[in-house]
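Asks:
Number of protein chains: 2
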Amino acid sequence: MAKTKMTKRKIQALNTRQKIFDTALQLFNKKGYDRVTVDDVCKKAGISKGTFYNYFKSKDQIIIEEFLKIDHYYQEMLPEINSKESYLERMKTFARLSLKYISEQGAPTVRIAYYSQLSPSIKTSPIVSPKRPLYQMAERLAREAQENGELRGDIPSEEIANTVIRAMRGIIYEWCLHNGKFDLEEAGEELVQILVHGLLP
Amino acid sequence: MAKTKMTKRKIQALNTRQKIFDTALQLFNKKGYDRVTVDDVCKKAGISKGTFYNYFKSKDQIIIEEFLKIDHYYQEMLPEINSKESYLERMKTFARLSLKYISEQGAPTVRIAYYSQLSPSIKTSPIVSPKRPLYQMAERLAREAQENGELRGDIPSEEIANTVIRAMRGIIYEWCLHNGKFDLEEAGEELVQILVHGLLP
DNA sequence: GATAATATTATACTATAGTCACTGACTAGA
DNA sequence: TCTAGTCAGTGACTATAGTATAATATTATC
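Which chain is which? The protein sequence lines are A and B, in order.
Count along the first sequence starting at 1, add 67, and that's the number in my numbering.
Count along the second sequence starting at 1, add 67, and that's the number in my numbering.
Have a look at this one:
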């Protein structure tokens with residue numbers, strides 16, 4: 068951080084950006100995303116519309132940015148994950164903590180995040196970038212579990228990670244459709260249970 | 068069908084509706100959903116905007132309606148599904164045929180369908196209605212498989228159906244994000260494989 | 001067949017996300 | 001310290017989904 072010299076301009080820019088971000092989230096939380104116009108945000112933040120779009124490509128970028136903070140959170144998960152003896156347990160903990168975090172963000176926020184990723188104006192979605200800590204971590208956990216003989220070795224670890232993440236995403240998508248009416252963590256627990264043990268008698 | 072008397076008006080209305088529907092889909096396919104305005108559709112179909120909104124709540128209703136035609140398709144699947152001896156095979160066939168149908172609809176269409184379901188203006192999404200043939204059928208197949216000892220019996224069949232559908236939805240969601248760049252049926256095959264047999268060695 | 005009721009259509013309008021050309025303050029190099 | 005160039009900031013403008021209202025065509029009733 069702070070690699071380049073901090074000129075007045077840059078400080079001002081960061082402040083303005085932050086003010087827009089905070090104001091927007093505050094309004095979204097109070098009135099709901101779709102009941103808040105960009106003009107509302109600008110007025111409250113005391114800036115012009117042009118400035119808003121100077122810092123954010125679109126209204127939903129605010130939500131995306133908030134949503135993707137989960138990627139920092141993965142670091143904090145590590146101690147709890149590594150505290151588990153079994154690698155299978157580690158994977159389960161990873162899934163549980165991820166869903167817990169998403170659950171805490173609240174269905175409205177996550178819904179907008181998932182919604183905007185499908186928007187016609189978006190060409191490639193950041194949430195499926197393989198560079199995300201989410202993928203890195205899931206793959207590593209799967210690989211370690213395989214190396215220790217706790218998971219079958221005939222499927223590449225990347226594919227296992229992919230499959231688990233996709234399945235979790237299906238739950239999240241549906242959780243959004245139901246506006247958070249069911250327990251996300253519980254549903255996740257069950258899914259992972261089935262993924263691991265299968266449905267055979 | 069055709070329960071009420073077909074007055075001139077009603078015939079006219081149906082024709083108009085169909086013309087709007089066909090024209091819209093044709094334009095969407097040619098230029099892409101977001102490159103086509105409602106006014107374009109109206110102009111091409113030779114009707115006014117008011118007429119469009121008389122028949123369709125919103126622009127994306129066209130896509131939803133097209134997408135939900137899959138619910139009719141489940142009937143046609145039955146022979147192929149029932150031709151399988153094993154109930155597990157039937158479930159797999161069901162999943163495969165569903166994904167095949169969706170794959171054939173094309174990523175752009177499905178993307179809009181999934182997108183619009185998350186729109187802030189929608190309160191309850193039709194695609195997660197438990198009344199849908201999709202759910203009915205998945206539950207029945209799971210139940211029959213259980214009754215014949217081909218699936219574990221400690222999970223209610225509804226839950227199994229739910230889990231499988233959610234997981235499939237996760238794949239579809241991601242397929243949309245990737246604009247159909249991977250093979251949906253193949254990914255589905257693999258997922259069902261894992262769901263059924265699990266990830267244990 | 002005149003007329004009231006209603007279904008259908010046309011158009012002007014509203015709301016709001018996002019764009020663009022411009023301004024003037026700030027920075028950096030001489 | 002002067003000056004060229006950059007960048008934060010502005011607000012009028014555009015595009016387009018959706019609405020409200022007025023007009024017209026069709027049917028039902030007498």
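Where a beta carbon is used, it is the ideal one built from N, C-alpha and C, also for glycine.
Taking Thr87/A and Ile114/A to be in contact with their CB atoms under 8 Å, please state how far apart those CB atoms are, rounded to whole angstroms.
Replies: Sequence check: residue 87/A is Ile here, not Thr. About 6 Å separates the Cβ atoms of Ile87/A and Ile114/A, confirming a contact at the 8 Å cut-off.
Asks: Closer than 7 Å, Cβ to Cβ, to anything on chain A: give me those residues from the region 79 to 93 of chain B, in chain order.
Replies: Along the region 79 to 93 of chain B, there is no position whose C-beta sits under 7 Å from a C-beta of chain A.
Asks: Of the choices Pro223/A, Pro200/A, Leu201/A, whose alpha-carbon is the least far from that of Arg24/A?
Replies: Within the shown structure, residues of chain A are numbered from 68 to 268, placing residue 24/A beyond reach of any answer.
Asks: Buried or exposed: which applies to Lys198/B, given that a residue is buried once 16 or more other Cβ atoms fall within 10 Å of its Cβ?
Replies: exposed
Asks: Going along chain A in order, which residues have a C-beta closer than 8 Å to the C-beta of Met235/B?
Replies: Gly237
Asks: Name the chain A residues that come within less than 8 Å of Tyr100/B, Cβ to Cβ?
Replies: Contact of Tyr100/B with chain A by beta-carbon distance below 8 Å involves Pro187.
Asks: Taking the alpha-carbon positions, what's the Leu135/B to Gln184/A distance?
Replies: 22 Å
Asks: Write down the C-beta distance between Leu94/B and Lys111/B rounded to the nearest angstrom, noting that I regard them as a contact closer than 8 Å.
Replies: Indeed, because the Cβ distance is near 6 Å, the residues count as touching under 8 Å.
Asks: What does the Cβ neighbour count give for Gly216/A, buried or exposed, with the cut at 16 atoms within 10 Å?
Replies: exposed
Asks: Might you give, ordered along the chain, the residues of its own chain that have their beta carbon closer than 7 Å to the beta carbon of Arg167/A, omitting 5 neighbours on each side?
Replies: Before going on, a small fix: residue 167/A reads as Lys here, not Arg. Within the same chain, Lys167/A has close Cβ partners Glu252.
Asks: For a contact defined as C-beta to C-beta under 8 Å, what are the partners of Ser192/B on chain A?
Replies: Leu244
Asks: For Tyr182/A, which residues from the same chain have a beta carbon less than 7 Å from its beta carbon, with the 5 sequence-adjacent residues on both sides left out?
Replies: Hits under 7 Å: none found.
Asks: Which residues in the same chain have their Cβ closer than 6 Å to the Cβ of Met144/A, if we skip the five residues on either side of it in sequence?
Replies: For Met144/A, where only same-chain residues beyond five positions count, the Cβ hits under 6 Å are Leu164.
Asks: What's the call for Thr90/B, buried or exposed, on a 16-neighbour Cβ count within 10 Å?
Replies: buried
Asks: When you compare each of Arg102/A, Tyr122/A, Ala180/A to Pro193/A by their alpha carbons, which one comes out closest?
Replies: Ala180/A
Asks: Step through the CB atoms of chain A and report whether any lies within less than 8 Å of the CB of Pro268/B.
Replies: True, the Cβ-Cβ gap to chain A drops below 8 Å.
Asks: Residues of chain B with a CB under 9 Å from the CB of Arg219/A: which are they?
Replies: Under the 9 Å cutoff, chain B gives His264, Gly265, Leu266, Leu267, Pro268.
Asks: For Gly173/B and chain A, any beta-carbon pair shorter than 8 Å?
Replies: no
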